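Below you'll find the structure, written out as structure tokens, and then a few comments.
Residue numbers (my numbering), protein chains in the order written: chain S, 12 to 277; chain E, 17 to 194.
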């Protein structure tokens, strides 16, 4: 079957996207060309055969296994109250209740004052996006807690480009820039960060086993990625007000997105 | 039935029961898509499990303006690609495969587990195999497939077009003479 128009009409007919005129055109072709008819019948058989394939059930216990890998401790339900017996032991009688309330208030106040003082002494703790228990592991010294810095801004840029899907969440602190990059792309994609001398690339971590390479040279860090993977990249920032940098997304050398990311956001 | 995006939203807020519902709703299709692309049942189960783990971890990046299943199937397709790359070798089409009694096309139609079709599918280039799987096993439209594989609808149509013709040729070569 060499005729492209014939093939196009046959596929359109199978998919049900042909117009009435196109269906009629195909009908005429099939009536006048036995070879084309035989070819079309083959395609219809392939189509029917694939439509008739029965689904295979997932292996037994599949769902349980998935859920237990997500919640290793079991599904979140009401927690057992381990402190109840102790509380019951100290449950005050009606007459003593005001005194207990006063003592408890005093204790809570004391604790709050201590915690506030500790926080102020260390500087405000980093608060990076991501929810607890969701594998968000900032890399480098800010990830390990050796270095802290006040959070200046937080922004997320969705990446909905041809063949690339995901997002980049960028957090500027007074001494660093943390980039959480989620990429999903069946073909190779390159994400390039260009920055000035005040920013210095510190490190990165890949949260999955996707194929990737990261090259850092001078004022540029270039991540080449294929598949589905999340990354955390950290830059040390000498500007306490936060530095701007450029982010480019390319596939096969074609520039799909270029953005200047500043601590002020867009 | 509760909408997928509502379930996803509830799950991001910590409602694990909502995510359980999502798994329940999609486990079969995700597993079957993986099975048709990677062929091996154990690999497919691993892929499907990874898909749900990743989906759970990435729920906060899901944009409810888009269809939830497109998002989930995109993760599935990418995870299949990762698995095949790791495997480093494609399963070759067994050219000695022959159909049983009766006419070859009848055998093909009777082949409930789709073993013979799976052989033929594995003879396709990965890009073509993916569109065939999404088209036939998920019954998605070209526009929905285009959302998942992130290529223009025109490219999906052209891949589908080439894939069908190649499948026909492979099946004939495997003994399904007309």
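From the three backbone atoms N, C-alpha and C, an ideal C-beta is built for every residue, glycine too. Computed from a prediction, not measured in an experiment: that's the story for all the values here.
Cβ distance (whole Å) where residue i is taken to contact residue j below 8 Å
i              : j              : result
residue 43(E)  : residue 69(S)  : 5 Å
residue 270(S) : residue 203(S) : Contact flag wrong, Cβ pair sits at about 11 Å.
residue 180(E) : residue 54(S)  : 6 Å
residue 143(E) : residue 175(E) : 6 Å
residue 65(E)  : residue 76(S)  : 6 Å
Residue-chain proximity (residue i, chain S), Cβ-Cβ < 8 Å
i              : result
residue 72(E)  : yes
residue 100(E) : no
residue 177(E) : yes
residue 63(E)  : no
residue 205(E) : Absent from the structure is residue 205(E), since the part of chain E shown begins at 17 and ends at 194.
residue 95(E)  : yes
residue 56(E)  : no
Straight-line gap, residue i to residue j (C-alpha atoms, nearest Å)
i              : j              : result
residue 70(E)  : residue 91(E)  : 8 Å
residue 94(E)  : residue 44(S)  : 42 Å
residue 56(E)  : residue 185(E) : 23 Å
residue 166(S) : residue 19(S)  : 46 Å
residue 97(E)  : residue 197(S) : 7 Å
residue 84(E)  : residue 21(E)  : 6 Å
residue 65(S)  : residue 58(S)  : 14 Å
residue 275(S) : residue 164(S) : 7 Å
residue 24(S)  : residue 46(S)  : 17 Å
residue 215(S) : residue 190(E) : 49 Å
residue 63(E)  : residue 78(S)  : 15 Å
residue 130(S) : residue 157(E) : Reliability fails at residue 130(S), whose pLDDT of 49 lies under 50, so the model's placement of it is uncertain and no value is given.
residue 267(S) : residue 172(S) : 7 Å
residue 186(S) : residue 200(S) : 29 Å
residue 49(S)  : residue 46(E)  : 35 Å
residue 60(S)  : residue 19(E)  : 32 Å
Sequence-distant residues of its chain with Cβ nearer than 7 Å to residue i (five each side left out)
i              : result
residue 149(E) : 49, 52, 53
residue 143(S) : At residue 143(S) the pLDDT is 32, less than 50, meaning the model places this residue with poor confidence and gives no usable figure here.
residue 249(S) : 209
Cβ-based neighbour list, residue i, same chain, cut-off 6 Å, excluding 5 preceding and 5 following
i              : result
residue 87(E)  : 78
residue 232(S) : 204, 212
residue 21(S)  : 51, 54
Beta carbon proximity, residue i to chain E, threshold 8 Å
i              : result
residue 74(S)  : yes
residue 57(S)  : yes
residue 61(S)  : yes
residue 53(S)  : yes
residue 78(S)  : yes
residue 168(S) : no
residue 181(S) : no
residue 81(S)  : yes
residue 22(S)  : yes
residue 18(S)  : yes
Contact set for residue i: own chain, Cβ-Cβ below 8 Å, skip 5 residues either direction
i              : result
residue 178(E) : 144
Item to check | Contact set between the stretch 183-197 of chain S and chain E, restricted to residues whose Cβ is under 9 Å from the partner | outcome: 193, 195, 196, 197
Checklist entry - Which residues, in order along the stretch 237-257 of chain S, keep a beta-carbon less than 9 Å from a beta-carbon of chain E? => result 237, 238, 239, 240, 241
Item to check | chain S contacts from the stretch 140-152 of chain E (Cβ-Cβ distance under 9 Å) | outcome: 142, 143, 146, 148, 151, 152
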